[in-house]
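> Questions regarding the structure given below will be posed in turn.
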Amino acid sequence: MSVDAKQAPAEPTPLVRMRGISVEFPGVKALQEVDFRLFPGEVHALMGENGAGKSTLIKALTGVYTPAAGVTTLDGREVSFSGPAEAQAAGISTVYQEVNLCPNLTVAENILLGREPRRFGAVDGRATRARAAELLADMGLHIDPGSVLAEHPIAVQQLVAIARAVAVDAKVLILDEPTSSLDQDEVAELFRIMRHLRDRGVAILFVSHFLEQVYEISDRMTVLRNGRLVGEHRTSELSRLDLVSLMIGRELGALAEVERLAGQAGEEASTVPVLEARGVGRKGSVAPFDLRINRGEVVGLAGLLGSGRTELARLLFGADRPDSGQVTVDGRALHLRGPRAAIAAGIAFCSEDRKGEGVVADLSIRDNLILAMQAANGWARPIPRRVKDQLVEKWIKALDIRPANPDALVGKLSGGNQQKVLLARWLVTEPKLLILDEPTRGIDIGAKTQIQKLVAELAQEGMAVVYISAELEEVVRLSHRVVVMKDRAKVAELDQNATVDDIMRLIAHVDERPEAVAA
Amino acid sequence: MTSTRPLDRFRASGLLWPLVALLVLLAANAVVRPSFLALRIQDGHLYGSLVDILKNGAPTMLIALGMCLVIATRGIDLSVGAVVAISGAVTCSYIAGAGDPTGAGAAFAGMGIALALCAVLGLWNGFLVAVVGIQPIIATLVLMTAGRGIAMLITDGQIITVRNPAYRTVGAGFLLLPVSILIAVAVFALVALVTRRTALGLLIESVGINPEASRLAGLRARTIRWTVYVFAAICAGVAGLMISSNVSAADANNAGLWIEMDAILAVVIGGTSLAGGRYSLTGTMLGALIIQTLTTTVYSMGIAPEITLVFKAVVVIAVCLLQAPKARAVLLRRTRRRHTPPDPDAEAAGRPSTHTPTSAMVEKVAQP
Ligand SMILES: Nc1ncnc2c1ncn2[C@@H]1O[C@H](COP(=O)(O)OP(=O)(O)OP(=O)(O)O)[C@@H](O)[C@H]1O
Ligand SMILES: [Mg+2]
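Chains as they are written, first to last, in full-length UniProt numbering: chain A, 1 to 519; chain B, 1 to 368.
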């Protein structure tokens, strides 16, 4: 309860004020006596490492969790919400970190669920779609509002969730890592909307691991570390270096060093191919493409949202079955019937949709880590407990998964730590070719450099890697070669000297169809 | 749960409340009728109300074990009652038509044929669910309705009675304890061993929790789902043998009627969520015992038949509520508010839990 008890005269009254908030889970003190204030007409960034307690603070505010201690006031009145619906009714609109929509409803229904325009008492489907289309267009997203949500990639789903939150007239808008899978353009649109709302007096709480974004949009920030408040600062008065050392709790020197060394593409990769694809494609998904990936090589996949980068990766893994072309692995033809065939050939695929296609939330860290390996072994040959424990201990340490308790359920981990578990599941299998779709999504800067470094090291040891990321800088820095995707086709292949600008020029090349994003 | 106190660990396992419910039911019976707990040995057989409960509950236990694994994969099998009828019908018709209707050979051959047919029926269910992709509740509804018709065809619409000592052993025999309960316990031990000593249990749970993630991790999700339906049908087949053997007759209309509901309830009461994933075989056995004790209680307390089902429903709801952390927290808060200031423990217990059996049931019902 360090924040001044009396109002400083110069400052307006906070709209939201939380004092001495503590949240505990069995064995974990997720928040300890945290103070937090949010003013009207500001964008406030909540900063901290993976597992620092950012999402927990948001959930404590919106009634998902009931704090063990502390007081929350909204507009000066003490509140204690019993759930998100009540918070919503009080004017707090929230987009949680894990997209929380109904996959089998349409985009329009998802956006306006519970507040559909009505005609004669019945839901007016046409008006619903029209209103939804309007809201989406406002965000620069041109998709069919009548399409089913599940058909869209995770980034579009994220935008739909944001559109839903923005659609109501809220006093407080909370966005927990809304940009984790968005491209530059979508981020720009989102920021435009955020600024517009802020100027209308909405208080916005924003979480992101991208420092550039935080510095671009936020007016003030609160930093958490290990569930404790470290400080509240004006963004303009806190340098990036200071922010990072506040977040990780030690001097930045070591980290900067790591960052400099980390994740540079190593020297020339070998020319021994691990995988060769000729004319591989699938109707309605990706046009036939050729691709060759060598031992020890990192091949980056760059492209805009909906350009087919994820789809291409899924074809290589047999997650979707290619309907044309041939794949050879180590010179032998591989019939990609499904993931099992790919895994048996030494291919691993880390999906970008960690909640839907990645982790098994109700299983422990241990079970999640060994799942792929166990599946390859078959049910009758369980991995001995001793081997399991060794592997799990090794990877929890290597990726700094927190909490380091192998029995913790993965669904209860913070987003970034779930991502690490997913990555470890595949590293355990020691694949020849590792396909990573947005592996650093939602991961804090420390862990991000760690993972990039790991990728570079694995490549140096001979593993071939396909690296997909919306962050072009990351792709360029890590890759020996960059494959550029556009409109669901491979359009170019650039060598190590490629720059972000080169890629941008290729993918931003003006398109006849403005609805390139539409599925 | 990091606590190492045995009681806490037990509570975390979810078996506490079903066990409490069972003990309360047994105690209530003992109070009303003190002879309830009495056991005696006669001719090397153990007799008593408790033994009766075990014996009559054996078919439900078996079916619930199969149902438990099906539910763990996010499925459900409504056809087990019909399979019970078919299994009894096939065996009795075969024995009745055999050259020596009293011989052990006829009994074993008949049972073998019946179980093989049940396995085929399970393959059919599994095919519809895992390959064709029909929702389990609809896919198994097909056999649920058609199955009794098939049983009627086999028995020609008659109740077939047989006199075959070997066959009678399965449902009515004793080896100190009733043979049927020995079979149920043996199957329980076998399933527990196979699923927990190998990786099968983990793979089943994984498929139930997140089918797509499991597929991408390289699990044979389809085969696993298929297999559990076959297993459930075989369990139902064995239960059908017990039921028909106990009365030495096959009744296509009434054998195993509504037993699928009892089995599903047993699984849910035992703490396994209808949403799939984590399952408890021990809980399922406890659940089956609770259901059977309840049935016995209703009879022995002389509760009027009209309100029997209502009474059963009330107890089931009570057990499910006790298991739901949310409901328990509300109850606790109520009582504590009256006596003491609110306790943070109760608040903490109010955290939303997505996997309480009851909430999952409600979810299932609410879904189209
Ligand atoms: N329901 C839960 N049960 C148990 N522990 C939990 C639960 N939710 C969160 N935790 C723990 O609380 C801590 C804070 O988690 P939180 O999700 O708030 O982190 P975060 O700051 O949002 O991290 P990230 O950047 O990775 O999203 C973590 O150690 C996490 O494991
Ligand atoms: Mg978070």
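Cβ coordinates follow ideal geometry from the N, Cα and C atoms, glycine included.
I'd like to know whether the C-beta of Trp395(A) is nearer than 8 Å to at least one C-beta of chain B.
no
> Quick one: grab the DSSP three-state call for Ala346(B).
Annotation note: pLDDT 34 at Ala346(B) (below 50); position unreliable, no value reported.
> Measuring alpha carbon to alpha carbon, tell me which residue in Leu175(A), Ala52(A), Pro153(A) is nearest Ile443(A).
Ala52(A)
> Any heavy atom of ligand 2 inside 7 Å of the beta-carbon of Ser414(A)?
yes
> Between Arg278(B) and ligand 1, is there a pair consisting of the residue's CB and a ligand heavy atom that are separated by less than 7 Å?
No heavy atom of ligand 1 is found nearer than 7 Å to the CB of Arg278(B).
> If Gly318(A) sits next to Arg337(A), beta carbons under 8 Å apart, how far is it from one beta carbon to the other, in whole angstroms?
6 Å
> Would you tell me roughly how many angstroms separate the C-alpha atoms of Val238(B) and Leu62(B), rounded to the nearest one?
8 Å
> Who are the near neighbours of Ala87(A) in its chain, counting only those whose CB is closer than 6 Å to its CB and skipping five residues on each side?
Thr62, Gly63, Phe81
> Determine the contact status of Ile396(A) and Leu436(A), defining contact as a CB-CB distance below 8 Å.
no
> If the cut is a Cβ gap below 7 Å, which residues of chain A does Leu219(B) touch?
Ala375
> Taking C-beta to C-beta, are Met221(A) and Ala492(A) nearer than 8 Å?
no
> To the nearest angstrom, how far is the alpha carbon of Phe206(A) from that of Glu42(A)?
For the pair Phe206(A) and Glu42(A), the Cα-to-Cα distance works out to about 10 Å.
> So Ser351(A) contacts chain B; which residues on that side make the cut at Cβ distance below 7 Å?
Leu216
> Taking Cβ positions, are Pro431(A) and Arg215(B) nearer each other than 8 Å?
no
> Rounded to whole angstroms, what's the CA-CA distance from Leu399(A) to Lys453(A)? Just pull it up for me.
11 Å
> The alpha helix (DSSP H) with Gly416(A) in it runs from where to where?
415-427
> Output the residue ranges of the alpha helix (DSSP H) runs that lie fully inside the stretch 405-491 of chain A and measure 4 residues or longer, sorted by chain position.
415-427, 445-460, 472-478
> From the beta carbon of Ala404(A), is the nearest beta carbon of chain B less than 8 Å away?
no
> Is the Cβ of Arg386(A) closer than 8 Å to any Cβ of chain B?
no
> Just by C-beta distance, which residues in the stretch 311-342 of chain A are closer than 7 Å to chain B?
Taking 7 Å as the Cβ-Cβ cut-off against chain B, the residues of the stretch 311-342 of chain A that qualify are Ala319, Pro339, Arg340.
> If you measure between the beta carbons of Gly208(B) and Ala72(B), is that distance less than 8 Å?
At a Cβ-Cβ threshold of 8 Å, Gly208(B) and Ala72(B) count as neighbours.
> Spell out whether any CB of chain A is found under 8 Å from the CB atom of Ile137(B).
no
> On the DSSP bridge list, what partners appear for Met221(A)?
Ala45(A), His233(A)
> Which runs of the alpha helix (DSSP H), 4 residues or longer, sit entirely within the stretch 298-376 of chain A?
309-317, 339-344
> Under 7 Å between beta-carbons, which chain A residues line up against Arg33(B)? List them in chain order, please.
What Arg33(B) touches in chain A: nothing, since even the nearest Cβ is about 43 Å away.
> I'd like to confirm something about Ser22(A): is its beta-carbon nearer than 7 Å to some heavy atom of ligand 1, or not?
no
> Is Ser93(A) near ligand 2 - that is, is its Cβ less than 7 Å away from at least one heavy atom of it?
no
> For the stretch 263-284 of chain B, enumerate the residues whose C-beta is nearer than 7 Å to any C-beta of chain A, in chain order.
Gly277, Arg278
> State yes or no: is the C-beta of Ser180(A) nearer than 7 Å to some heavy atom of ligand 2?
no
> Measuring alpha carbon to alpha carbon, tell me which residue in Glu352(A), Val327(A), Glu232(A) is nearest Lys35(A).
In the sequence as presented, Lys is not what sits at residue 35(A); that position holds Asp. Among Glu352(A), Val327(A), Glu232(A), the Cα nearest to that of Asp35(A) belongs to Glu232(A).
> Specify, as a first and last residue, the run of the alpha helix (DSSP H) that Met261(B) falls within.
The continuous alpha helix (DSSP H) containing Met261(B) extends over residues 259-269.
> Cβ closer than 8 Å: which chain B residues qualify as neighbours of Arg425(A)?
Ala217
> Is any beta-carbon of chain B found at less than 8 Å from that of Pro153(A)?
No, Pro153(A) does not count as interfacial toward chain B.
> By the 8 Å beta-carbon criterion, what residues does the stretch 88-105 of chain A contribute toward chain B?
none
> Residues of the stretch 103-123 of chain A with a CB closer than 7 Å to any CB of chain B: list them in chain order, please.
none
> Considering only their Cβ atoms, is the gap separating Arg309(A) from Leu301(A) smaller than 8 Å?
yes
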